[in-house]
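As you go down the protein sequences, you meet chains A and B in turn.
Following full-length UniProt numbering, the residues of the first sequence are numbered contiguously, the last one being 400.
Following full-length UniProt numbering, the residues of the second sequence are numbered contiguously, the last one being 400.
There are 2 protein chains.
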Amino acid sequence: MSLFLEVVSVAEAVEAVRRIAPPPGCEDVPLEDALYRVLARDVLADIDIPGFDRSTVDGYAVAAAETTGASEAIPAMLQCRGRIGMGSADAGSIFPGSCRYVPTGGALPAGADAVVMIEHAEQIGDDILVHRPVAPGENVIFCGEDFGAGKVALERGRVLTPREIGVAAAVGADRVSVVKMPRIGIISTGNELVPVVETPGPGEVRDANSYLAGAFVTERGCHPVYFGIVRDDRAVLKRAVSSALDRCDAVLVSGGSSKDERDNTAAVVAELGEVLVHGIALAPGKPTIIGTARGKPVIGLPGHPASAFVVLVAVVDHLLAAMRQTAVSRRTVRARLTQNVPSTRGREDYVRVSLGNGEATPVFGKSGLLNTLVQSEGVVRIPASSEGFEVGEEVEVILW
Amino acid sequence: MSLFLEVVSVAEAVEAVRRIAPPPGCEDVPLEDALYRVLARDVLADIDIPGFDRSTVDGYAVAAAETTGASEAIPAMLQCRGRIGMGSADAGSIFPGSCRYVPTGGALPAGADAVVMIEHAEQIGDDILVHRPVAPGENVIFCGEDFGAGKVALERGRVLTPREIGVAAAVGADRVSVVKMPRIGIISTGNELVPVVETPGPGEVRDANSYLAGAFVTERGCHPVYFGIVRDDRAVLKRAVSSALDRCDAVLVSGGSSKDERDNTAAVVAELGEVLVHGIALAPGKPTIIGTARGKPVIGLPGHPASAFVVLVAVVDHLLAAMRQTAVSRRTVRARLTQNVPSTRGREDYVRVSLGNGEATPVFGKSGLLNTLVQSEGVVRIPASSEGFEVGEEVEVILW
Chain A
1 MSLFLEVVSV AEAVEAVRRI APPPGCEDVP LEDALYRVLA RDVLADIDIP
51 GFDRSTVDGY AVAAAETTGA SEAIPAMLQC RGRIGMGSAD AGSIFPGSCR
101 YVPTGGALPA GADAVVMIEH AEQIGDDILV HRPVAPGENV IFCGEDFGAG
151 KVALERGRVL TPREIGVAAA VGADRVSVVK MPRIGIISTG NELVPVVETP
201 GPGEVRDANS YLAGAFVTER GCHPVYFGIV RDDRAVLKRA VSSALDRCDA
251 VLVSGGSSKD ERDNTAAVVA ELGEVLVHGI ALAPGKPTII GTARGKPVIG
301 LPGHPASAFV VLVAVVDHLL AAMRQTAVSR RTVRARLTQN VPSTRGREDY
351 VRVSLGNGEA TPVFGKSGLL NTLVQSEGVV RIPASSEGFE VGEEVEVILW
Chain B
1 MSLFLEVVSV AEAVEAVRRI APPPGCEDVP LEDALYRVLA RDVLADIDIP
51 GFDRSTVDGY AVAAAETTGA SEAIPAMLQC RGRIGMGSAD AGSIFPGSCR
101 YVPTGGALPA GADAVVMIEH AEQIGDDILV HRPVAPGENV IFCGEDFGAG
151 KVALERGRVL TPREIGVAAA VGADRVSVVK MPRIGIISTG NELVPVVETP
201 GPGEVRDANS YLAGAFVTER GCHPVYFGIV RDDRAVLKRA VSSALDRCDA
251 VLVSGGSSKD ERDNTAAVVA ELGEVLVHGI ALAPGKPTII GTARGKPVIG
301 LPGHPASAFV VLVAVVDHLL AAMRQTAVSR RTVRARLTQN VPSTRGREDY
351 VRVSLGNGEA TPVFGKSGLL NTLVQSEGVV RIPASSEGFE VGEEVEVILW
């Protein structure tokens with residue numbers, strides 16, 4: 001292998017991970033456990049929702065035509081034919097010249113097509129004075145208007161946020177068919193690494209990457225499986241990756257991907273399968289490996305957590321989204337740069353920035369500093385074709 | 001009680017829920033279980049991080065001064081005194097005229113203060129030709145430069161996202177002290193409600209609110225405790241709220257808050273404690289109750305899920321954030337309106353919008369339609385002092 005990396009563009013790397021993402025299975029889960037899962041099948045409304053013409057206010061169910069021209073000065077007068085109970089199976093009917101009280105969410109009686117809000121009516125004995133006209137359909141949700149029986153209420157591929165969970169409940173989906181949570185094996189490799197519970201000696205650092213990558217894949221709706229720290233030993237790493245492949249749908253190996261004699265990850269992937277990418281035109285994050293083994297993706301991340309995190313955001317996020325059969329959910333804001341941000345043409349630079357008052361300030365300090373991760377709110381991506389952005393330019397910030 | 005609501009502003013409602021938020025306890029949890037928890041105590045670095053001068057690249061550790069003026073034409077020549085192993089306890093030292101190979105993450109030898117990237121050097125036998133000068137500190141993180149021993153690495157109140165989890169691991173916090181997850185009791189009330197597994201009969205609808213509210217509080221880092229559906233019966237509701245107060249830190253009751261004879265929630269709260277707010281100048285979401293009982297917040301939400309969700313976002317979010325002792329985490333984008341959005345002065349309107357191409361389009365259809373929740377990406381808040389926004393105006397969209 002050559003000493004220098006033959007790098008591919010970030011776009012090529014993203015294409016590669018999307019191509020190798022294994023097709024997910026699906027499973028049924030109870031709706032209350034489905035938050036943030038991805039729908040594997042459309043959710044259909046089992047019946048018309050609502051199943052009846054429903055009032056959206058407290059007021060009087062009327063035939064709208066009978067309120068035409070009503071005003072404070074000349075109200076329409078209707079005889080009130082009692083109240084409709086919530087959940088009542090029979091809302092009765094109204095005949096010309098009459099109305100019925102209906103609470104919010106109650107069913108309209110036959111003959112009614114609108115509801116006069118209680119604030120716009122006055123009760124005088126059995127009579128109701130209507131002070132404002134209502135249009136047909138006003139303050140009413142008609143039967144099936146929200147979701148029609150058999151129609152798609154939520155499309156497959158949707159992530160189930162609280163709003164989708166509420167809609168699924170309304171249409172009777174107490175269980176939903178969702179994409180299986182990908183199991184992502186997480187391995188850290190490096191003779192310098194010690195577990196978090198230990199105090200590093202000279203030359204040693206704690207394994208932050210296992211935690212960082214584990215939390216990242218959890219946030220992205222996947223299940224992390226931890227395989228701990230592996231020394232810089234090709235045979236040992238091969239056993240660890242092999243074991244992770246047995247139990248997981250994809251494997252992330254951090255460290256061991258620099259292009260020198262410690263380049264164990266690429267060697268192991270080559271032995272177990274195929275290295276597709278070795279080096280991305282990305283800063284930080286260049287020494288990244290993309291490969292497959294036994295039909296599963298194996299990604300080699302840089303050993304430094306700050307670099308590894310950029311690769312997680314710029315590349316691995318796309319892999320996980322593809323494995324979940326959903327789009328990458330990325331929140332961005334636009335902000336003006338408070339400083340020039342130079343960049344090297346030919347590589348994509350991810351510059352950490354802090355945000356405030358609509359301004360993005362590049363975070364000072366060496367990019368290898370871990371503290372820059374928690375002092376920044378996001379990154380500005382500088383395309384490979386650009387030599388950077390100038391102070392005052394409006395840029396897109398990818399929120400971490 | 002009067003027939004009409006004496007409404008307070010949204011700001012007053014938010015102030016009220018913040019005031020009654022019970023102080024949270026704290027607990028220690030393993031770092032791997034701490035994602036999205038809120039730090040109850042600062043996390044300090046136990047030792048200097050890194051604990052040694054550390055290379056951020058593969059290259060040659062040098063005394064920067066010895067590379068001054070180096071160029072392709074006239075390289076600096078240094079004798080290479082071997083390689084430093086990763087995690088090696090002794091990185092040795094260099095003397096004038098010499099350097100040592102150091103891998104990314106490796107410790108610098110004594111006497112070195114910079115690292116020449118391998119790409120900028122050439123090995124000729126035992127000698128290294130350096131083609132570019134390096135500045136002191138270049139490609140090096142000095143001992144303690146990332147986090148100083150005993151210094152705050154993460155402040156209390158911070159939400160532990162993957163980045164914070166990674167930093168906590170790096171500074172040795174295998175357990176963290178976090179705010180206890182508030183337990184939020186969830187009750188739905190209404191004779192019209194049936195469980196999600198049942199098919200609603202005439203006049204009936206499924207209880208979507210329990211799922212919606214449960215998912216919302218889960219998303220906001222709280223633990224939902226479900227108490228099911230309660231009929232419109234004051235004594236039964238009182239028992240349910242009382243039972244929820246026994247087991248939870250706050251209670252959300254949806255339905256039963258319209259200001260008519262079904263106004264059970266306010267009556268129950270008044271019997272068990274105190275009603276502080278009964279009606280908010282908010283559309284949708286007016287029939288909202290804020291009260292306390294046994295020192296715990298009890299919130300009455302509108303029965304309609306679309307209205308309840310607005311109250312969750314506009315008001316309850318602040319309660320949950322206060323209970324977790326953190327700020328409301330709200331993502332917003334700016335977008336131009338594609339249409340006029342009229343509003344009534346004196347109340348805060350939350351208008352659902354869909355987003356695309358930097359434009360916000362009000363979602364058509366009646367606000368009582370549940371499907372508007374999943375057809376919108378967020379809401380535009382129209383302040384009580386405004387009569388609305390005009391087409392083309394740039395507005396802030398609160399992402400759901």
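Just so you know, even glycine gets a beta-carbon here, dropped at the ideal spot from N, CA and C.
Q) With 16 as the cutoff for other CB atoms within 10 Å, does B:K151 come out buried or exposed? A) Within the second sequence, the letter at position 151 stands for residue 151 of chain B. Exposed: under 16 other Cβ atoms inside 10 Å.
Where does A:E15 fall in DSSP's three states?
Translated into the one-based positions of the first sequence, residue 15 of chain A becomes position 15. Looking at A:E15 - three-state DSSP - the assignment turns out to be helix.
Amino acids of chain B, ordered along the chain, whose beta-carbon sits closer than 8 Å to that of A:I47: Walking along the first sequence from the start, residue 47 of chain A turns up at place 47. The contacting residues are T199, P200.
Please report the straight-line C-alpha distance between A:C26 and A:R183, rounded to a whole angstrom. To locate residue 26 of chain A, count along the first sequence from 1; it is residue 26. To locate residue 183 of chain A, count along the first sequence from 1; it is residue 183. Computed Cα separation, rounded: 13 Å.
message: Is there a Cβ of chain B sitting closer than 7 Å to that of A:M1, yes or no?
response: Against the first sequence, residue 1 of chain A aligns to sequence position 1. Legend: pLDDT at A:M1 = 42, less than 50; position of this residue unreliable, no value from coordinates given.
Who are the Cβ neighbours of B:M1 in its own chain at under 6 Å, not counting the five residues just before and after it?
What you label residue 1 of chain B is simply residue 1 of the second sequence in a count that begins at 1. Unreliable placement is indicated for B:M1, whose pLDDT of 42 sits below 50; the coordinate value is still reported in the next sentence. Counting only Cβ-Cβ distances below 6 Å, and skipping sequence neighbours, we find nothing.
**Buried versus exposed call for B:F95 [16 or more other C-beta atoms within 10 Å across all chains shown]** = On the second sequence, position 95 is the one that residue 95 of chain B refers to. The residue is exposed, with fewer than 16 neighbouring Cβ atoms inside 10 Å.
**Q.** Residue-chain proximity (B:P162, chain A), Cβ-Cβ < 7 Å
**A.** The sequence position of residue 162 of chain B within the second sequence is 162, counting from 1. Yes, contact with chain A.
Using a Cβ distance threshold of 8 Å, determine whether the segment 171-181 of chain A contacts the segment 190-199 of chain B, with at least three qualifying pairs required. yes
Practice prompt. State yes or no: is the beta carbon of A:P342 nearer than 7 Å to at least one beta carbon in chain B?
Written response: Within the first sequence, residue 342 of chain A is the residue found at index 342, counting from 1. So, not an interface residue.
| task | Return the chain-ordered ranges of every alpha helix (DSSP H) run that is complete within the UniProt domain "MoaB/Mog" (185-322) of chain A and spans a minimum of 4 residues. | result | 208-219, 234-247, 264-272, 305-311
### Query
Does residue 420 of chain B have its Cβ less than 7 Å from a Cβ in chain A?
There is no way to answer for residue 420 of chain B, as the model of chain B reaches only from 1 to 400.
Please state whether the Cβ-Cβ distance between B:V251 and B:V38 is less than 7 Å. The residue you call residue 251 of chain B lines up with position 251 of the second sequence. The residue you call residue 38 of chain B lines up with position 38 of the second sequence. No, these two residues do not count as a Cβ contact at 7 Å.
Notebook entry, point to check: In chain A, which residues lie less than 7 Å from B:S71 when you measure between Cβ atoms?
Noted result: The residue given as residue 71 of chain B occupies position 71 in the second sequence. None at all; the shortest Cβ gap to chain A is about 19 Å.
Exercise for the section: Tell me whether the beta-carbon of B:G392 lies closer than 7 Å to the beta-carbon of A:T56. Expected result: As a working mapping, residue 392 of chain B is identified with position 392 in the second sequence. As a working mapping, residue 56 of chain A is identified with position 56 in the first sequence. Not a contact, by the Cβ cut-off of 7 Å.
Which stretch, first to last residue, makes up the beta strand (DSSP E) that contains B:P30?
Position 30 of the second sequence, counted from the start, is the residue given in the question as residue 30 of chain B. Start and end: 26-30.
In chain B, which residues lie with their C-beta within 8 Å of the C-beta of A:M86? As a working note, residue 86 of chain A is residue 86 in the first sequence. Simply G190, N191, E192, G203, D232, R262.
Helix, strand or coil for A:T361, going by three-state DSSP, please let me know. Looking up residue 361 of chain A in the first sequence gives position 361. A:T361 falls in the strand class under three-state DSSP.
Quick one: what does DSSP say B:G166 is sitting in, helix, strand or coil? Against the second sequence, residue 166 of chain B aligns to sequence position 166. Note: B:G166 maps to helix in three-state DSSP.
Practice problem: Closer than 8 Å by beta-carbon distance: list the chain A residues that pair up with B:L369, in chain order. | Solution: Here residue 369 of chain B is taken as the residue at index 369 of the second sequence, counted from 1. Simply I141, E145, D146.
Please report whether the beta-carbon of A:G166 lies at a distance below 7 Å from any beta-carbon of chain B. Here residue 166 of chain A refers to the residue found at position 166 when the first sequence is read from its first residue. Yes, A:G166 lies at the interface with chain B (some Cβ there is under 7 Å from its Cβ).
| query | Can you round the beta-carbon distance between B:G87 and A:G228 to whole angstroms, since I take them to be within the 8 Å contact cut? | reply | Looking up residue 87 of chain B in the second sequence gives position 87. Looking up residue 228 of chain A in the first sequence gives position 228. Rounded, the Cβ-Cβ distance is 15 Å, inconsistent with contact.
Pull up the DSSP beta-bridge partners for B:F389, would you.
The residue you call residue 389 of chain B lines up with position 389 of the second sequence. DSSP output for B:F389 lists B:V341 as bridge partner(s).
Please list, in chain order, all residues of the same chain as A:E274 whose beta carbon is under 7 Å from its beta carbon, the five residues on each side excluded. Along the first sequence, one-based indexing puts residue 274 of chain A at 274. These residues qualify, in order along the chain: G291, T292.
Inset, instruction - Following the continuous beta strand (DSSP E) through B:V62, name the residue where it begins and the one where it ends. - result: The residue labelled residue 62 of chain B in the question sits at position 62 within the second sequence. Here the beta strand (DSSP E) through B:V62 covers 59-62.
Supposed close pair residue 414 of chain A, A:E155 - CB separation, criterion 8 Å: Outside the displayed range of chain A (1 to 400) lies residue 414 of chain A, so it cannot be described from this structure.
Note to self: Using 8 Å for Cβ pairs, my map puts B:P305 next to A:G255. What's the rounded Cβ distance?
What the structure shows: Here the question's residue 305 of chain B lines up with position 305 in the second sequence. Here the question's residue 255 of chain A lines up with position 255 in the first sequence. Contact doesn't hold; Cβ gap of about 48 Å is too wide.
| field | Span of the beta strand (DSSP E) around A:L108 | value | Stepping through the first sequence from its first residue, residue 108 of chain A is reached at position 108. Neither: A:L108 is in no beta strand (DSSP E) and is coded neither H nor E.
| task | With DSSP as the reference, label B:A34 as helix, strand or coil. | result | Within the second sequence, residue 34 of chain B is the residue found at index 34, counting from 1. If DSSP states are grouped into helix, strand and coil, B:A34 belongs with coil.
* **With 16 other Cβ atoms within 10 Å as the buried cut-off, status of A:G356** => Translated into positions along the first sequence, residue 356 of chain A becomes position 356. The residue is exposed, with fewer than 16 neighbouring Cβ atoms inside 10 Å.
Minimum Cβ-Cβ distance from A:V116 to chain B less than 7 Å:
Numbered from its first residue, the first sequence carries residue 116 of chain A at position 116. No, no contact with chain B.
| request: Locate the beta strand (DSSP E) running through A:L129, then write down its first and last residues. | output: Taking the first residue of the first sequence as 1, we reach residue 129 of chain A at position 129. 127-130 is the extent of the beta strand (DSSP E) around A:L129.
Check: DSSP state of A:Q123, grouped into three classes?
Finding: For the purposes of this step, residue 123 of chain A is identified with residue 123 of the first sequence, where counting begins at 1. Strand at A:Q123.
Where the alpha helix (DSSP H) containing B:L399 begins and where it ends
Your numbering for residue 399 of chain B matches position 399 in the second sequence. Here B:L399 belongs to no alpha helix (DSSP H); instead the beta strand (DSSP E) covers 394-399.
Counting only beta-carbon atoms, is A:D174 nearer than 7 Å to chain B?
-> Taking the first sequence and counting its residues from 1, one reaches residue 174 of chain A at position 174. Yes, because at least one Cβ of chain B sits closer than 7 Å to the Cβ of A:D174.
Quiz item: Just the Cα atoms here: how many angstroms apart are A:R18 and A:A335?
Solution: Taking the first sequence and counting its residues from 1, one reaches residue 18 of chain A at position 18. Taking the first sequence and counting its residues from 1, one reaches residue 335 of chain A at position 335. Taking the straight line joining both Cα atoms gives about 30 Å.
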